[in-house]
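This report refers to the structure that appears directly beneath it.
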Amino acid sequence: MTIPMPSLPNLTAMTPELMVLFSALAVLIIDFAWPRVNKGFLAFLGAFGLAAAGILSYQSLALNIPTHIAGLSADAYAQFFKIIFCAAGIMVMGISVRFLALEGYNYGEFYAIVLLAVLGQMIMASGTNLLVIYVGLELMAISLYILAGLFKRNDKSNEASLKYYLLGSFSSGFFLYGVMMTYGLTGSLDLATIGGLVAGGHFSGLLLLAVIMMAAGFAFKIAAVPFHFWSPDVYEGAPTSVTAFMSVGPKAAAFAALIRVFTVAFGSLRPDWVTLFICLSIATMITGNFIALRQTNIKRMLAYSSIAHAGYLMIGFIVGGETGTSSVLLYLFVYAFMNIGAFGVVILLNRVGGVGDRIDDFSGLAGISPASAFVMMVFMFSLAGIPPTAGFAGKFYIFMGAVKAGYVWLAVIGVLNSAVSAFYYLRVIMKMYMAEPVKEPVLNVSTAMSAVLFAAVIAVLAIGIFPEFFLELAISSAASIL
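Using the working numbering, read the sequence shown as starting at 1489 and increasing by one per residue.
Okay, here's the thing in C-alpha cells:
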C-alpha cells in the first residue's frame, strides 16, 4: 500500500504556515545556540517571518484558488484570517521588546511561542476537519497558557496562567466531546461530509447536544457570556503585551473556526442554533459594557470591552451569508489594530508594580506626551465606534447587515450598547486631556513601539476613511466558504 504524498502546488499553498513554523524553529535554535544574542534581533526575525507569511497569504487571497491538503484549506477565507494573525503577531513583537527587557523577562523563547500560537491560529482558520481544528486550538491554547505565566515571579501572572489553563482545558474538553459525538453520529470528521449528511439525514437530539457542546467551547475562546469569567483576571494578571495578543488572536481564530464549522457542517441546522447565539450575543454585549463602566484598571476595562466586542461580532455571525460573514472579517481586521494599539499605549506607561495599569495613571498625559495622548484618543474613538475611525466602519457594516437581514431589534440593541461603551472610552480621553497628572510618568518609548503605534493609528484612520477596498477583500474572502 502506498501513502499518497501531497503535490508541490498543495504544499505551496501552505507556505504561510511553513514560514511561521520555520521562523519559530529558527528563533529557538538561535536563542539556544547563542544565549546572549540580542533579543531584539529575535523579535525582528520573528516579525520578518510573520511579514513574509502575511504577504504570501495576501497573494493567495488575491489569486483565490482554493487548495486542500490533509484537512486544511488554503481558500481566500483562511488567507484573510492569516493576514490578521500575522499583523497581530508583528505588532505584539514590536510592543514587547522594551517592555519585557524593563520587566526582566526578555526571554528569546517568548517570540518563538508567539509564533507557535500564530501557527495554531492559522490551522484553526484553515481547518476543514474537526480534529485538525482541535489540534490548532490546542497548539494555540498551550502557547497562551505559557505566555500568560511568563512573569513567573509575579503572583498575578501565575494566577492568570493557572486560571486560564484550568478553564481553558475544561472548555477544550467540551469542544472535543462535541467533536466525538458528531463523529459517532455521522461517521465523519470532514466538515463538508458532515454538512451533506446532516442536510440529507434525520439525526436524534444528540446531534444538537454535540452542536451545543462545540458552541460552548468556542464561546469560551471568544469570551462570550456566561463563559467570560476567566477573561478579566487573566487579562489583568498576564503581561500586558501577552494580554494584547490574547485579546485579538484567539478571538479571531475562534470566530474563524466557528463560522466555518457552523456554516459548512451545521448550516442546515441554523434554525436550531441561531436562537442560542442571539441570546449569547445580547448577554455578552450588555454584561461586557455595563461592567466595564465600573472598572478603574485599564486592563480590566479593556477585558470587559473585549467581551462586549465579541457580542457585536456575534451579530454578524447570526446574520450569516456574504453580508454577515464579511462584516465579521472586516471588524476583526480593524479590531486587531485598535485593540493592540490601545494596549501598546498602556505599555508606554507601565512600570514594575502595576504602575500604569490604572485609568488614573493616564491623567494629564496630553500635557506630558501629546503624541501618546492623541494615539490613545484615536484608539478609544475607534473602539467606541466614532467616525471617521475604522471601528465605526466595522460596526456600521455589522449593524446594517443585521437590519437588512431583518434583525432590526438586534441592531438597535447593538447600537445602544455601543453608546454605553462610549462612556468608559471617553473617560480615558477625559483623564488624558482634562485631569492633572497624579505623577509624571516616564514613558517606555522605543523605535519598535513607535513604529507599531504609528502603523496602527494610520491603519485605523485609513480604513475608517476608505473602507471600500478592505470591505471588498472581506466580501471575496467570505464568499469562498458560502
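Where is the CB? At the ideal position from N, CA and C, for every residue including glycine.
What you are looking at is a predicted structure, and each value in this text was computed from that prediction instead of being measured.
- A straight-line Cα-Cα distance of about 27 angstroms links A1872 and F1587.
- N1785 is bridged by DSSP to R1846.
- Assignment of alpha helix (DSSP H) within the segment 1850–1928, counting only whole runs of 4 or more residues, yields 1853–1856, 1858–1872, 1878–1892 and 1896–1922 in chain order.
- Of the residues assessed, P1720 falls on the buried side of the cut-off, its CB having 16 or more other CB atoms within 10 angstroms.
- By DSSP's assignment, H1556 forms a beta bridge with S1561.
- For S1548, the enclosing alpha helix (DSSP H) starts and ends at K1527 to L1551.
- Counting along the chain, K1739 sits inside the alpha helix (DSSP H) bounded by residues T1728 to R1748.
- About 6 angstroms separates the CB atoms of F1754 and V1699; that is less than 8 angstroms, so the two are in contact.
- Between I1963 and E1810, the beta carbon gap of about 6 angstroms places them in contact (Cβ cut-off 8 angstroms).
- The Cβ-Cβ distance between F1825 and V1948 falls below 8 angstroms.
- For L1970, there is no enclosing alpha helix (DSSP H), as DSSP gives it neither H nor E.
- Boundaries of the alpha helix (DSSP H) harbouring T1674: D1643 to T1674, taken from the DSSP string.
- The Cβ-Cβ distance between A1605 and F1662 does not fall below 8 angstroms.
- Within its own chain, the residues whose Cβ lies closer than 6 angstroms to the Cβ of L1619, once the five positions on either side in sequence are excluded, are L1677, listed in chain order.
- Taking every protein chain shown into account, the CB of N1526 has fewer than 16 other CB atoms within 10 angstroms, so this residue is exposed.
- Taking each of S1729, F1706, T1728 and P1858 in turn and checking the Cα distance to A1740, the smallest one comes out for F1706.
- The continuous stretches of alpha helix (DSSP H) do not include P1955, and DSSP gives it neither H nor E.
- Ranking L1817, L1695, V1807 and F1598 by CA distance to the CA of A1899 puts V1807 first.
- The alpha carbon of I1518 has as its nearest neighbour, out of K1651, F1529 and L1509, the alpha carbon of F1529.
- Inter-segment contact for the segment 1560–1577 and the segment 1545–1552 is present: three or more beta-carbon pairs are separated by less than 8 angstroms.
- The criterion of a C-beta distance shorter than 8 angstroms is not satisfied by A1830 and M1865.
- Spanning the alpha carbons of I1886 and V1940 requires a straight line of approximately 27 angstroms.
- Rounded to the nearest angstrom, the gap between the Cα atoms of T1731 and A1636 is 8 angstroms.
- Here DSSP, grouped into helix, strand and coil, assigns G1689 to coil.
- Under the DSSP assignment, S1756 falls outside any alpha helix (DSSP H); it carries neither an H nor an E label.
- The beta strand (DSSP E) runs of length 3 or more contained entirely in the segment 1793–1845 do not exist; there are none.
- Shown here for A1890: same chain residues with a beta carbon closer than 6 angstroms to its own, the five before and five after excluded, namely I1803, V1807, L1898 and A1899 in chain order.
- The criterion of a C-beta distance shorter than 8 angstroms is satisfied by E1924 and G1852.
- Under the criterion of beta carbons closer than 8 angstroms, C1574 and G1608 do not qualify as touching, at roughly 13 angstroms.
- Residue pairing of D1678 in beta bridges, as defined by DSSP: N1617.
- The segment 1698–1732 contains, as complete alpha helix (DSSP H) runs of 4+ residues, the segments 1718–1725 (chain order).
- Setting aside the 5 residues that flank it on each side, L1781 is surrounded in the same chain by V1908, F1911 and Y1912, each with a C-beta closer than 8 angstroms to its C-beta; the list follows chain order.
- Put simply, the segment 1853–1862 does not touch the segment 1786–1804. Fewer than three CB pairs are less than 8 angstroms apart.
- The alpha-carbon separation between F1715 and A1521 amounts to approximately 42 angstroms.
- A direct Cα-to-Cα measurement between V1667 and S1968 gives close to 24 angstroms.
- When secondary structure is reduced to three states using DSSP, K1640 falls in the coil class, being assigned neither helix nor strand.
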